[in-house]
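Residue numbers (full-length UniProt numbering): 1 to 121.
Backbone N, C-alpha and C fix where the C-beta goes; we use that ideal spot for every residue, glycine too.
The structure presented is a predicted model; accordingly, all values stated were derived computationally and were not measured.
To start, the structure itself, in structure tokens.
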């Protein structure tokens, strides 16, 4: 059975890179372009892991994480933050919102796959 990963990022290039990397490792990938789109895709799919950017229009990553954690059935899903941000205060805010881990862009494909596998239920 293939594990589904929901990847949320406003950059089309980054979504394509994530899709290529994750599909190459055997994952099913669902893509979303911002947090609001991510919540819609989350409701329509059954991902086991979420990867999200922080800086996005419409609904940013912090709001997205808080919305996922506030939901009924998805609140325990592992959420990896993938961002250019490395600020300690933002990491702390993401952790407080419910993020499971933090990966800085540009990402190393092997490390990303390793992180996804480590947090998978």
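query	result
Spatial distance of residue 48 from residue 27 (CA atoms)	10 angstroms
Alpha carbon of residue 104 to alpha carbon of residue 51, nearest angstrom	12 angstroms
Sequence ranges, beta strand (DSSP E) only - wholly within the UniProt domain "Response regulatory" (4-120), length at least 3	4-8, 28-32, 49-52, 79-83, 101-104
Best match in 45, 36, 68 for proximity to residue 29 [C-alpha to C-alpha]	45
Sequence-distant residues of its chain with Cβ nearer than 7 angstroms to residue 58 (five each side left out)	34, 35, 36
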